Structures are given as structure tokens and as C-alpha cells.
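K.L.:
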Amino acid sequence: MHKALYISIIVMIAGLLLAGCANMGQPSGGPRDEDPPRLVTGNPLPGATNVDRTHISLTFNELVNVKDAFSKVMVSPTSKSVPRVSSSGRRVNVDFDSLAPNTTYTIDFGDAIEDNNEGNKLQGFAYTFSTGPDLDTLRIAGRVLTARGLEPEQGMIVGVHRNLNDTAFTGERLLRVARTDDRGRFNIRGLAPGEYRLFALRDNDNDYRYSSPEEDIAFYDLTICPSTQGADALDSLYNPKTGTLDTVVTRRRTIFLPNDILLRSFNSMLRQQYMTKYERMDSTRIFLKFNTRNPELPAVRLLGAKEEPLRGTLEASERLDSLVWWLPTDLVRTDSLRLEVTYDRSDQNLNVTRVTDTLSFITNRPKPVKPKKENKKRLPVVSAADSIAAITTAFKVVGGSSQDVYKPVVVETPAPLESFDRNMVRLSVLVDSIYKPTPEAFTLTFPDSLKPRTFEIDYPWEFGAEYKLEIDTLAGKDIYGMPTRPLEHKISVKKSDEYCSLLFELKGLESIPAVVELLNTSDAVVRAERVEANQAYFPFLAPGKYYARVFIDMNANGEYDTGNYADGRQPEVAYYFPKVINIKKMWDQTMEWDVFATAVDMMKPAAILKNKPASDPRNRKQQTPTEEDEDEQFDPTRNPFDPNDRRTVTGGFKQAI
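Numbering of the sequence shown is given in this note's numbering, commencing with residue 122 and proceeding in unit increments.
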């Protein structure tokens, strides 16, 4: 019995073991593949010479796709016939219609090639071959940043011309090109020895030339002769079994120069001029809208029985591109008006022609509706206040009751005033619970003739004081004869502890005209102050978080000026304070700012970057320098305004001043 019992137990254990073995779990797929595809071979091989075939086949170590080939793949030299790029399995195929003799071709894929499963991108991959016996291998590399905002220009075309004339950029296709990556970096390959002009272009019409003033561009003032330089690099070899450092070896490598060109992109802001809109806003106003700034006001004539210049009061924008005419009373009663508008119109090439447009303006007045006899209703009773409001006009204080100590009070009327009695305006201050006339006289001004509905009242306001602005009944009358209603407005001036101040002490811009712009967290300008004696002072700031930028005001007009290629004028250059500025209440802060202590491409704080590149060192905690990154080691100590060296180094990149 004992023997049978032992056998039964053994059989049961064996059965349980077999059952456990039969219950198979889901096998693990292993770690996620994070490696990009790797080129195995090419037909012809990379760097091949005397190539006479128009079909190129590149084989990779895994299944690959080519994404957005039309917009990402760049082929040099450029031509009207665009090669066809496709993928099939582990191969990428490129088919040319024809090839030029004795020419080095470069196919720059950017990050278009990715593996089929995980989508890992092969960054910065380029393939080069030659149809002649020689392969051109020189390069020009650098970065494109927006001139004022120092944003990395992503996906911008950068190219060269062997033709050194200024007209080449507008009249010929760029010869050899590359496209900027997410950090604005470019690398133009396959260059022959010689002298080149360098350009960047936001090519809206894909013609590889600057054909429209609405395209963003950048140009380098100096010609460039690419070259090479030998250098020693240290390689660390690790034991594959233990993972420990085995040895460090020195290898010889080639550096392609220049590799630190900085191009500052800009838009000329030149636009084709034409009238975009015209309308009669109501019986009292007509409106004209133009596509861009007008250098002068257009000539407007009234047509009909009495032809004469249009009468009325003009209200205009600062750029004179938005115009409103307040019509005189006799024209208000006229439902149909015909006007003749003469102005300078330009075509797509900005050729200006003086033209005259004849425009019709019609007021559609609602027809009176007669009430039906069976639905007669008692008319609503109109209050005295409503009756007065219908025949008068009112003042409006812009900005509410809280008043900054350094600003005037702005008052606005619904329509322009024909007359105004300044003696009927009073300003009083609260003293011991009683409003008393201010001890000093206030000033009342109409500061802008193109804004006839706005006037300002200024006074040396005291911190925390309470004021009252009063305007008497019938103080003014608008152009339609409507008298003004009275105004009583209380003003509370902010206290001193609600303000702070900031003083920048700048280094590196000695005797150079410059303007410091204080920015908010959206990179928008809050205040601007000129640099005087190497200082820029911002009083009466609201507490908060700020950033700062300084631009070189070359024409000393106090405004930022963009570039113009036709005039050979670069945009005014700008530099960022590399840190956030936190200011608290009642805190007068002084910041030292060495303008050129930080490389240009690293100046702008990552928090306000709009084009945030994933590969930017400011957006990652740790980084391993690549060979490309090693090429970006520059001398940050040289002054970009050295008169003895026109091509200088600012932070990390060479630029023409």
C-alpha cells in the first residue's frame, strides 16, 4: 500500500509540472528599438565617381520609409526637373531624368528616412556621387536665426551662388542647397574650391530664387571660400563585456570650414500696394483699407454735381493704411456717394503706378414698417434720460479708474469734436475727505491730428492719491452739432509699493547706439528704453517675470529696422539677456549684462522660444556631443564691432557686420 501511495503522489506531481509547462505566457518582445536605420550599401556606392546611371538605390539594415520627400529631400545642384524619391522594403530609390556631366551631386535627405516600425529618424543623412572623375567634398555650415527674435529657422533653404553679382539671388536658381534642421543648422555639401555668395530663403514658390518681397531671406555680406583643416580627436574605446573604459586613442579627422556662419533672417516688409476694402460704415463714415503702409495720404475727390475734394474729418492709422472719413452733415443725408481715389499702386514686382479708382458708397437705410391695424400697440414711453442721450454725445475715459503715475489720462469721444472749451475742465485732488483744486495746473492736449476723437490730460500725479476729473455740460460740440454731456471720473493713482524698477548695466556696446526692449513671457515688447552711458533704466514697472533684448540701433531712430536686399541693408541685429528676470514689489534691481558673453544661438531663454527644437541643449538635461556638435566650438571673446576685422565671431557664429 505504501508503494502504491508513493507512486500516486509522484504521478500527481508530474501532472502538475506538465500542466504548468503547458500554460505558456506571452513571450517578451525585448527592448524597444530606438536606433535609426543604417546604410548598408548603395548602387552606386557613396562617393562614387564617373557615374552614368540615373537610377540610385540605397540599401539599409531594416525596412524604411521616406516621409515628405518633396519638402525634405534636397538635391544639389538644383534644376527644374525634380528627381523622384521612393522607398521599397529596405531600399530607397532616387530616379533622375538626366545628369549633367562632370558634376558632383548631393542628395540631402535631412530626417526624411525613418524605420518602418518605430519611426526612428535618420538625422542629417546625405549621399554624394560624381558624374566625372573628381568628387567635390567641401562644405559650408552654420545656422539661421531670425534677426530680431533669434528663433531657429526650421525648414529654410540655404544655398550658394558662384555668380557673385547681387542680381544672382533674384534672377538665378541657387546652385547648391541644404535645408535647415530643427535648430536652424545647415550643411551645404559637395562644393568645389572657389568663391561663393551665401543666402537663405523661405521659398514660397519653390523656384530657388528671391522672387517675392514677402519671402523671408538672409544674406551674407562677404564672399566665402570653403576649405578643410586637419585636427586630432580623442576616441574612447569600451570593453564590450564589462562596459568599462578600455583605452583612449587619437584619430585624425577633417574639419570643413567655415562651419560657424550665422545668417540672420528677416522679411523686408515690402508689400504690393492696392486697395483691399472700401465701405460706408454708416451714414456718417466711409472706410478705405490698403494692403500696406501708404507713404502719403491718397487724394480723394467727390464726384457728381459738385466735384471737389472730399470734405470731412480724417481719422487714420499710424501707417496710413486704414482711413476713416467722418462726413459733413450735407453728405450724411446723401444715400449714394461716388468718390475718386488717387494713390500709388504697385504690382508683384513692386513697380509703382499712379492710379485712380472710382468707388461707389451706398447707405442702405431701413424702410419704416407700418404697424397693422389689428396689432396696434401703445408706443413705449421714452424716458428723459434716453431723450437727452439721443441728442447729445458723451466722454469716455480709456483705461478705467486705476492710473499709472507716469501716464496721462486718455479721454475719447464717439465722434470728432468741432469745438471744446478747456476752461470747463477741472481736476481736483482728495484732501481730508474733500476734493480740492490741484495746486498745479494740468495740461490738456490733442496729441495726434490723425486721432481727432482722443485727447489727454496730464498731471504730476502723486503716488496713492485720489483725483477727480470733471467736465461741465456743453463743454464741447461734435461735428454733427451734438453737445457733450457732463463727465465726472474718479482717478486712483497706484501706490509706490506697487512698482519696482530695473537698471541694466551693459558691457560690450560702448559708444554704439542701442535700445533695450523689456519683454513679457510671450516674448512681446512691454517697454523700450535707449542705452545711455552703457545703461538702460526702466522705472515704474509692475512686479513680475520679464525677459530682455537689445538691438543695435544703427540709424539711431529708436525703432527696430528690418533689412532690404535691394539696398544691400542687413536688419538691425539683436541679442537676448540669457536669463529670466524676476522682480518683486518695491524692489529696485540692477542687472549686469555682458552682451557677448553667451553664444548667439544660446542667448534666448528656452522658456520663450517659439520654435522649440528637440535637439536643443537648452531642452534636455544631459547631452552627448556628436561630431557635428564638436564642429560648433567657437571663440566667444571677440568683439563683433572690431573695425579691423569685418568678418567677426559673435558668441558662436560668424556674421557680417
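Where a beta carbon is used, it is the ideal one built from N, C-alpha and C, also for glycine. Please read these numbers as outputs of a predicted model, since none were measured by experiment.
So, using beta-carbon positions, are TYR329 and ARG294 closer together than 7 Å?
P.N.:
Yes.
K.L.:
Determine which residues share a DSSP beta bridge with ASP478 and list them.
P.N.:
VAL462.
K.L.:
Relative to the C-alpha of PRO273, which candidate in THR566, ASN703, ARG306, THR474 has its C-alpha closest?
P.N.:
When each option's Cα is compared against that of PRO273, the closest is ARG306.
K.L.:
Taking the alpha carbon of LEU595 as the point to measure from, which residue in PHE516, THR642, SER570 has its own alpha carbon closest?
P.N.:
Checking every option, the nearest Cα to that of LEU595 belongs to PHE516.
K.L.:
Just the C-alpha distance for GLN524 and ARG440, rounded to the nearest angstrom, thanks.
P.N.:
Cα to Cα, GLN524 sits roughly 29 Å from ARG440.
K.L.:
Counting only the same chain and skipping the five closest in sequence on each side, list residues whose C-beta sits under 6 Å from that of GLU429.
P.N.:
Same-chain partners within the cutoff: LEU423.
K.L.:
Any idea which residues DSSP pairs ILE376 with across the strands?
P.N.:
GLN350.
K.L.:
In chain order, what residues of the same chain have a beta carbon less than 7 Å from the beta carbon of LYS188, not counting five sequence neighbours either side?
P.N.:
The answer, listed in chain order, is ALA233, GLU235.
K.L.:
So VAL265 packs on LEU384, CB below 8 Å; how close in whole Å?
P.N.:
Contact holds; Cβ gap of about 5 Å.
K.L.:
Ordered along the chain, which non-local residues of its own chain (more than five positions away) have a Cβ less than 6 Å from that of LYS725?
P.N.:
Contacts found: LEU271, TYR697.
K.L.:
Identify every residue that forms a DSSP beta bridge with ASP779.
P.N.:
Residue 779 cannot be examined here, being either before or after the span of the chain that is shown, 122 to 778.
K.L.:
Alpha helix (DSSP H) containing LEU343: first to last residue?
P.N.:
First-last for LEU343: undefined, no H or E at that position.
K.L.:
Work out the CA separation of GLU400 and ILE600 for me, nearest whole Å.
P.N.:
Approximately 21 Å between the Cα atoms of the pair.
K.L.:
Give the straight-line distance between the Cα atoms of LYS666 and LEU623, rounded to the nearest whole angstrom.
P.N.:
Looking at the two C-alpha atoms, the distance is approximately 12 Å.
K.L.:
Are there 16 or more other CB atoms within 10 angstroms of the CB of TYR580, so buried, or fewer, so exposed?
P.N.:
Its Cβ being crowded by 16 or more others within 10 Å, TYR580 is buried.
K.L.:
Among ARG414, ASN223, LEU243, which one has its Cα closest to the Cα of GLY231?
P.N.:
For the residues ARG414, ASN223, LEU243, the minimum Cα distance to GLY231 belongs to LEU243.
K.L.:
Are the region 547-556 and the region 634-648 in contact at 8 Å, needing three or more beta carbon pairs?
P.N.:
Too few Cβ pairs lie closer than 8 Å, so no.
K.L.:
Excluding the 5 residues preceding and the 5 following THR534 in the sequence, name in chain order all residues of the same chain whose CB lies nearer than 7 Å to its CB.
P.N.:
Closer than 7 Å at the Cβ level, and outside the excluded window around THR534, lie THR514, PHE516, ARG574, ASP599.
K.L.:
My understanding is that THR559 touches GLU577, with C-beta atoms under 8 Å, so please give their C-beta distance in whole angstroms.
P.N.:
At roughly 16 Å, the Cβ-Cβ gap does not stay under 8 Å, so THR559 and GLU577 are not in contact.
K.L.:
For MET675, collect the residues of the same chain with a Cβ closer than 8 Å to its Cβ; drop the 5 residues on either side in sequence, then sort them by chain order.
P.N.:
Closer than 8 Å at Cβ, skipping near neighbours: PRO634, ASP682, GLU693.
K.L.:
Spell out the partners DSSP gives PRO604 in its beta bridges.
P.N.:
LYS598.
K.L.:
Where THR747 and ARG372 are concerned, what is the direct C-alpha to C-alpha distance, given to the nearest angstrom?
P.N.:
Note that THR747 scores 39 on pLDDT, short of 50, meaning its location in the model is unreliable and no value can be drawn from it.
K.L.:
I need the straight-line Cα distance from ASP553 to LYS611, nearest angstrom please.
P.N.:
For ASP553 and LYS611, the distance between alpha carbons rounds to 16 Å.
K.L.:
So CYS621 and PRO664 are supposed to be a Cβ contact under 8 Å. How far apart are they, rounded?
P.N.:
About 5 Å; that satisfies the 8 Å criterion.
K.L.:
Can you tell me whether DSSP reads MET402 as helix, strand or coil?
P.N.:
MET402: strand per DSSP, three-state reduction.
K.L.:
For the beta strand (DSSP E) that PHE246 lies in, which residues bound it at each end?
P.N.:
Taken as a continuous stretch (DSSP letters only), the beta strand (DSSP E) holding PHE246 covers 246-251.
K.L.:
In chain order, what residues of the same chain lie with their CB nearer than 8 Å to the CB of ALA313, ignoring the 5 residues before and after it?
P.N.:
Answer for ALA313: THR225, ASP257, LEU259, listed in chain order.
K.L.:
From the DSSP output, in three-state form, read off PHE576 for me.
P.N.:
Three-state DSSP puts PHE576 in a strand.
K.L.:
Identify every residue that forms a DSSP beta bridge with TRP714.
P.N.:
DSSP, once it has assigned bridges, lists LEU627 as partnering TRP714.
K.L.:
Starting from the C-beta of HIS282, find all residues in its chain whose C-beta is less than 8 Å away, skip the five residues before and the five after it, and write them out in chain order.
P.N.:
Only ALA289, PHE290, GLU293, LEU295, LEU296, TYR317, ARG318, PHE320 meet the Cβ criterion.
K.L.:
Provide the residue span of the alpha helix (DSSP H) that contains THR291, from first to last.
P.N.:
Element bounds for THR291: 289-292.
K.L.:
I'd like to know whether the C-beta atoms of THR227 and ARG310 end up nearer to each other than 7 Å.
P.N.:
Yes; because the gap between Cβ atoms is below 7 Å, this pair is in contact.
K.L.:
Where does ILE633 sit, in a helix, a strand or coil, going by DSSP?
P.N.:
Three-state DSSP puts ILE633 in coil, outside helix and strand.
K.L.:
On a Cα-Cα basis, can you pick out the residue from GLY585, ASP542, PRO660 that is closest to PRO607?
P.N.:
Looking at the Cα atoms, ASP542 is the closest of the given residues.
K.L.:
What's the C-alpha gap between ASP618 and ALA657?
P.N.:
Their backbone Cα atoms lie some 22 Å apart in a straight line.
K.L.:
Look at ALA420 and THR463 and say whether their C-beta atoms are less than 7 Å apart.
P.N.:
Result yes, Cβ atoms of ALA420 and THR463 sit closer than 7 Å.
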